[in-house]
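Encoded as structure tokens, the structure appears first; notes follow it.
There are 2 protein chains.
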Amino acid sequence: MKESAIRGIWPAGLREAFDGYEAALAADDGDALADAFESGSDVIRADGSGILVGAEQIARFRSARGGIATRTISHVELRRLSDDTVLIVSESAFDGGGRGYQTQIWRYDDDRWRIAAAHVTPRPKALDTRVWRSVGDPLVRPTGEGPLAGLTVAVKDLFAVTGFPTGCGVPAVAAEAPAALTDAAAVETLRAAGASIVGIAATDEFAYSIAGTNPHYGTPPNTAAPGRLPGGSSSGPASAVGLGQADIGLATDTAGSIRVPASYQGLWGLRTTFGAVDRGGLVPLAPAFDVVGWITRTPQILRLVTAAYLPDPTARPLPRVVAVPDGLSRLLEPGTLIAFDALLESLRTDGLLDDVRTVEIPDPDLIRETFRVVQGGQAWERYGEWIAEHPGALGADVAERFAAAQDLSVAAIEVAGNDLDRLRPLLRDLAAGAPLVLPSCPGPAPRPADVGPQTRTSTLALTTIASVGGLPAISAPLLEVDGLPVGLGVIGAVDDDLTLIDLAASWAPTAAKAVTAPGAAHPQSDR
Amino acid sequence: MKESAIRGIWPAGLREAFDGYEAALAADDGDALADAFESGSDVIRADGSGILVGAEQIARFRSARGGIATRTISHVELRRLSDDTVLIVSESAFDGGGRGYQTQIWRYDDDRWRIAAAHVTPRPKALDTRVWRSVGDPLVRPTGEGPLAGLTVAVKDLFAVTGFPTGCGVPAVAAEAPAALTDAAAVETLRAAGASIVGIAATDEFAYSIAGTNPHYGTPPNTAAPGRLPGGSSSGPASAVGLGQADIGLATDTAGSIRVPASYQGLWGLRTTFGAVDRGGLVPLAPAFDVVGWITRTPQILRLVTAAYLPDPTARPLPRVVAVPDGLSRLLEPGTLIAFDALLESLRTDGLLDDVRTVEIPDPDLIRETFRVVQGGQAWERYGEWIAEHPGALGADVAERFAAAQDLSVAAIEVAGNDLDRLRPLLRDLAAGAPLVLPSCPGPAPRPADVGPQTRTSTLALTTIASVGGLPAISAPLLEVDGLPVGLGVIGAVDDDLTLIDLAASWAPTAAKAVTAPGAAHPQSDR
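Chains A and B are the protein sequences, given in the same order. For reference, each letter of the first sequence is one residue, going 1 to 527 in the working numbering. For reference, each letter of the second sequence is one residue, going 528 to 1054 in the working numbering.
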């Protein structure tokens, strides 16, 4: 560092501590880095992804990060804040171009200088590849004028967009796929209605996951709960909408791929009635269940975009009776059950519901297993050959899921097909009686470290009810557990799509009241 | 703000000061904002664009910013650093989605709390529209394997890229232009050599400026001198390369549009021999001068990319004699002249040059005026009709330049054409004797507020020598003035393009020594 680039006076020992920290960063020396920060629960590190508090959170972040690009400090501003406290604001120049900025509070204690707080701005990237494959201003223009004029769309990387390959969240696919010659039908509808495409957004590999992770491109951020899973497989459209970088996420839902990220990130998401929206130009996962849908920040925009695809029902009163599937409680985290019951109670108190019935539904485990086997059979039929030709192209989780799909017997797939044929009309009859309400997920978005096999199993038991029924289902951000969002799911009758939006939107004021009520059961967030 | 989202204790009066600052931000109340920060020259504000020091710099930034999006504070961490100093790290949730983070040092003095330092991370955007029109991972794949494999390109928004409109830095053009059906020749060469296109990058409107500003998309950052002009018209490719977001900027140079941003941002830039690189698929400005060229961070990559287009000369010794055009001094800022003379002296001392001659060249004012009139005639011929049909589509600076072009008489254009026919061979003869060396620009990148008509006039007097000569010219980041980069320009004979790169690269170690020498005439940076 040139001495002329330093403004201020180094107290004894601080220059050495500062340089030592830079050396530890360059070496990615976890112990030395931890040692350069104060220990205990008060130490802070902030960047654009969130505020980490306490040595433990910071250490966890560091071990996941795995080093930084080579940099040199190009400018330093030193300010003495007290006898034992110094502020350093510095600029770093990266060998590969670009500059970063870091503010540090150094404190002298126990005969040495350590960092009590840091705020870091890394050098900017051209795009966040966790969220996006391509973006533009816009990437693709509207083709018409209409109700979606001025709105921007993040398109899940499963839909054809003219001129771009469809990557399906798999780099080996993205590298080989030809540029699409026409838009997918669902993209065409949006552009014709005046929306512009801001970009093509991330998906879990072949959409065969509800976690929202991707081992190739990284995991998109959960915009409502930093550090937790974003939910998938429509992770990119959900994060893009949560980040305010798009108004509409154009997505798909097979087993909950719209409803899970909406629930995890406090967004509005609609899975449409099976067969209601044209799937032309969409890469399939399991055609028995795949549907098109959308993720938005507000019910107003969700309604606007849905109405661009589906006929608006003639005005009729909203349902005033809902049904809760029996036997949910074993699938839910305790806090979710409490929040769910409390919301239904408030809706009654506020006069929005006349009755909340309990209904028997077919065994959720049977529903989930029927779904799993039919999905597996169709997914392997579609991708088996490609996977055999591309060993190592998939991450462990999805590869394992395909391996299990490969192992399904023809007989088992046939049985499941028969079960599906039996269950679908049964569930449709149930939903025709009254909308089914249930949490979209067992609880808030988990931290990656806390995910077990049970996470997926319990979630699918909730989400596959609509999938197997071929029914429309909304996830509305109306529940809060430990300060984190959980979606309220409402499953409607066939073609009830727009009614579901209106119904859930009519409940939002009551939900908002419940969340902000003093004395509400919301212990301090553990974010 | 929910009380559960606050961790720590507010000292008396701080909560009110903190809330008052947020209210002032919401109202964009400049006086209240200035009053919330300490006055004087020690106060600091940092973000990803740089470190501002002193109340004056911060106030200037604020008045240029013009308010922020509506946000609410969603989380606060308070830490008492001393009796009168408190650290606040907070998270803000924006109404339109996304979160930002801010670290503030609040200090109690003179009966009130004020901010002594702040570090701000705004909510992330999908892309930096000052720099990019579109980006991808990659946006466009290579078509072949070759020496540029693994390198990424920022394409100036004047070249056809299959599937994208060519926007020319003008929104009204971008909105109407059809998607290109084939790549420009210069794009095709890069992709065939293995490079991938990371994005389409900004240009001044119709490339008719060397400032690097754009009133529609904003001014790209100067990556070497925060707060100063980036240089143009290849501003986007230059900033993208400076930011480390691309390895190669594919650009054009008519009056210095490669050399000026390279000079301002400490990058390597080559204007090629007139006619040497195919201009097919490139939107012209003034066909008598337009050439293709590149901007890079290193001479190695500049050489690689140039060699993908132009035949590599058989090995021959580098020139050991250079010529300095007479009468430069009145065009240069004093510090630039000192640095320039010092470098030539060091090159002699280091044995890299045997002789530095002075040569008479045609009057730079005549060269510049000849250039201006021929360029204006051709630019108006190309764009006059479009401009008449699109009133208000251009910003004031470029609109004024076109208006002046419109006013040129046929007779004046004819005279200038004759002068060009006379000057071009004359300058080619001169350059054939020995490479001409001169600073690329009169001085470092100016701050926007310091730009006057003289800035453009003096710069063009330097840059149009190569333009009028149709000669290759490099700008190499070998000079430093007040801690800021200035390019060393070397103008070669026809087809000397690769020799210029080798020559300037051979001088880099000497230049680096001069810059870091103790006692070198580099007063403290005023950045």
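Glycine is no exception: its CB is placed at the ideal position from the N, C-alpha and C atoms.
Can you tell me where the beta strand (DSSP E) with Val-613 (chain B) in it begins and where it stops?
The residue given as residue 613 (chain B) occupies position 86 in the second sequence. First-last of the beta strand (DSSP E) with Val-613 (chain B): 612–621.
Pull up the CB-CB distance for Ile-992 (chain B) and Pro-891 (chain B), whole angstroms please, since I reckon it's below 8 Å.
Position 465 of the second sequence holds residue 992 (chain B). Position 364 of the second sequence holds residue 891 (chain B). Right, the Cβ-Cβ distance comes to about 7 Å (below 8 Å), so this counts as a contact.
In this structure, how does DSSP classify Arg-755 (chain B) when only helix, strand and coil are distinguished?
Taking the first residue of the second sequence as position 1, residue 755 (chain B) is located at position 228. Coil at Arg-755 (chain B), not helix or strand.
What runs of the beta strand (DSSP E), each 3 residues or longer, lie entirely inside the stretch 696–781 of chain B?
Counting whole runs of 3 or more residues, the stretch 696–781 of chain B contains the beta strand (DSSP E) stretches 723–728 and 775–780.
How should Arg-228 (chain A) be labelled, buried or exposed, when 16 other C-beta atoms within 10 angstroms of its C-beta is the threshold for buried?
Within the first sequence, numbered from 1, the residue matching residue 228 (chain A) stands at position 228. When all chains shown are included, Arg-228 (chain A) counts as buried.
By Cβ distance, which residues of its chain are closer than 7 Å to Ala-342 (chain A), with the 5 residues on each side in sequence left out?
Taking the first sequence and counting its residues from 1, one reaches residue 342 (chain A) at position 342. Cβ neighbours of Ala-342 (chain A) beyond the five flanking positions: Ala-514.
Just how far apart, CA to CA, sit Ile-367 (chain A) and Thr-499 (chain A)?
Counting from one through the first sequence, the residue named residue 367 (chain A) turns up at place 367. Counting from one through the first sequence, the residue named residue 499 (chain A) turns up at place 499. Between Ile-367 (chain A) and Thr-499 (chain A), the C-alpha separation is close to 25 Å.
Checking contacts by CB at 8 Å: is Tyr-101 (chain A) closer than that to chain B?
Counted from its first residue, the first sequence places residue 101 (chain A) at position 101. So yes, Tyr-101 (chain A) belongs to the interface.
Whole angstroms are fine: how far does the CA of Ala-505 (chain A) sit from the CA of Pro-1059 (chain B)?
Summary: the structure shown does not reach residue 1059 (chain B), with chain B confined to residues 528 through 1054, and so no result is reported for it.
Name the chain B residues whose beta carbon is nearer than 8 Å to that of Gln-529 (chain A)?
Only positions 1 to 527 of chain A appear in this structure, which leaves residue 529 (chain A) out of reach.
Using a beta-carbon distance below 8 Å, is Asp-574 (chain B) in contact with chain A?
As a working mapping, residue 574 (chain B) is identified with position 47 in the second sequence. Yes, contact with chain A.
Skipping 5 residues on each side, what residues in its chain have a beta carbon closer than 6 Å to that of Ala-544 (chain B)?
Position 17 of the second sequence, counting from 1, holds the residue named residue 544 (chain B). Once the five neighbours on either side are set aside, the close Cβ partners of Ala-544 (chain B) are Trp-640.
Does the CB of Phe-61 (chain A) have a neighbour CB from chain B at under 8 Å?
What you label residue 61 (chain A) is simply residue 61 of the first sequence in a count that begins at 1. Cβ-Cβ to chain B under 8 Å: no for Phe-61 (chain A).
Under 8 Å, do Phe-206 (chain A) and Leu-282 (chain A) count as touching if we go by C-beta distance?
Numbered from 1 along the first sequence, position 206 holds the residue referred to as residue 206 (chain A). Numbered from 1 along the first sequence, position 282 holds the residue referred to as residue 282 (chain A). No, Cβ-Cβ distance for Phe-206 (chain A) and Leu-282 (chain A) is not below 8 Å.
May I ask you to report which of helix, strand or coil DSSP gives Gln-1051 (chain B)?
Counting from 1 along the second sequence, the entry for residue 1051 (chain B) is found at position 524. Bear in mind that the predicted position of Gln-1051 (chain B) carries a pLDDT of just 38, short of 50, making it too unreliable to give a figure here.
State yes or no: is the beta carbon of Gly-1010 (chain B) nearer than 8 Å to at least one beta carbon in chain A?
For the purposes of this step, residue 1010 (chain B) is taken as residue 483 along the second sequence, with counting starting at 1. Gly-1010 (chain B) counts as touching chain A.
Please state whether DSSP places Ile-465 (chain A) in a helix, a strand or coil.
Within the first sequence, the letter at position 465 stands for residue 465 (chain A). In the structure shown, Ile-465 (chain A) sits in a helix (DSSP, three-state: H, G or I).
In chain A, which residues lie with their C-beta within 7 Å of the C-beta of Gly-769 (chain B)?
As a working mapping, residue 769 (chain B) is identified with position 242 in the second sequence. Within chain A, the residues near Gly-769 (chain B) are Gly-97.
Got a sec: is the Cβ-Cβ distance from Arg-297 (chain A) to anything in chain B below 8 Å?
The count along the first sequence starts at 1 and reaches residue 297 (chain A) at position 297. Yes, Arg-297 (chain A) counts as interfacial toward chain B.
With a threshold of 8 Å between beta carbons, is Gly-194 (chain A) in contact with chain B?
Translated into positions along the first sequence, residue 194 (chain A) becomes position 194. Cβ-Cβ to chain B under 8 Å: no for Gly-194 (chain A).
Got a sec? Which residues, its chain only, sit under 7 Å from Pro-1050 (chain B) by beta carbon, not counting five neighbours each side?
Translated into the one-based positions of the second sequence, residue 1050 (chain B) becomes position 523. Legend: pLDDT at Pro-1050 (chain B) = 37, less than 50; position of this residue unreliable, value from coordinates given subsequently. Closer than 7 Å at the Cβ level, and outside the excluded window around Pro-1050 (chain B), lie Asp-1009.
Helix or strand or just coil, what does DSSP make of Thr-314 (chain A)?
Taking the first sequence and counting its residues from 1, one reaches residue 314 (chain A) at position 314. If DSSP states are grouped into helix, strand and coil, Thr-314 (chain A) belongs with coil.
Kindly indicate which residue of A:Tyr-108, A:Ser-92 and A:Arg-191 has the alpha-carbon position closest to the one of Val-86 (chain A).
If you number the first sequence from 1, residue 86 (chain A) lands on position 86. Of the listed residues, the one whose Cα sits closest to Val-86 (chain A) is A:Tyr-108.
Quick check on the DSSP output: the beta strand (DSSP E) that includes Ser-1002 (chain B) runs from which residue to which?
The residue labelled residue 1002 (chain B) in the question sits at position 475 within the second sequence. Start and end: 1000–1008.
Would you say Ser-4 (chain A) lies against chain B (beta-carbon separation less than 8 Å)?
As a working mapping, residue 4 (chain A) is identified with position 4 in the first sequence. Closer than 8 Å: yes.
Identify the contact partners of Val-324 (chain A) in chain B, using a Cβ-Cβ distance below 9 Å as the criterion.
What you label residue 324 (chain A) is simply residue 324 of the first sequence in a count that begins at 1. Ordered by position in chain B, no residue passes the 9 Å Cβ test against Val-324 (chain A), which lies about 29 Å from the chain.
Using a Cβ-Cβ cutoff of less than 8 Å, which residues in the same chain neighbour Ala-539 (chain B) once the five nearest sequence positions on both sides are dropped?
Counting from one through the second sequence, the residue named residue 539 (chain B) turns up at place 12. The answer is none, since no qualifying residue turns up.
By the three-class DSSP mapping on this structure, what secondary structure does Trp-537 (chain B) have?
Working through the second sequence from its first residue, we reach residue 537 (chain B) at position 10. Note: Trp-537 (chain B) maps to coil in three-state DSSP.
I'd like the span of the alpha helix (DSSP H) that includes Ile-58 (chain A), first residue to last.
As a working note, residue 58 (chain A) is residue 58 in the first sequence. Unbroken alpha helix (DSSP H) run through Ile-58 (chain A): 55–65.
Going along the chain, which unbroken runs of the beta strand (DSSP E) with 3 or more residues stay wholly within the stretch 314–356 of chain A?
DSSP runs (the beta strand (DSSP E)) wholly in the stretch 314–356 of chain A: 321–325.
Can you list, in chain order, the residues of its chain whose CB lies under 8 Å from that of Trp-907 (chain B), leaving out five sequence neighbours each side?
Indexing the second sequence from 1 puts residue 907 (chain B) at position 380. The answer, listed in chain order, is Phe-929, Ala-932, Gln-933 and Leu-935.
Who are the near neighbours of Gln-631 (chain B) in its chain, counting only those whose CB is closer than 6 Å to its CB and skipping five residues on each side?
As a working note, residue 631 (chain B) is residue 104 in the second sequence. Ile-615, Ile-642 and Ala-645, listed in sequence order.
Suppose you measure from the CA of Leu-488 (chain A) to the CA of Ala-246 (chain A); what does that come to, to the nearest Å?
As a first step, residue 488 (chain A) is located in the first sequence; it is residue number 488 there, counting from the start. As a first step, residue 246 (chain A) is located in the first sequence; it is residue number 246 there, counting from the start. Computed Cα separation, rounded: 23 Å.
Chain B partners of Ala-117 (chain A), CB-CB under 8 Å?
Numbered from 1 along the first sequence, position 117 holds the residue referred to as residue 117 (chain A). Arg-606, Leu-614, Val-616 and Thr-630, listed in chain order.
Who are the Cβ neighbours of Ser-234 (chain A) in its own chain at under 7 Å, not counting the five residues just before and after it?
Taking the first residue of the first sequence as position 1, residue 234 (chain A) is located at position 234. Cβ neighbours of Ser-234 (chain A) beyond the five flanking positions: Lys-156, Thr-203, Gly-249, Ala-251, Thr-252, Ser-257, Ile-258, Pro-261 and Ile-295.
Applying the criterion that 16 or more other CB atoms from any shown protein chain within 10 Å of the CB defines a buried residue, is Val-662 (chain B) buried or exposed?
Looking up residue 662 (chain B) in the second sequence gives position 135. Val-662 (chain B) comes out buried.
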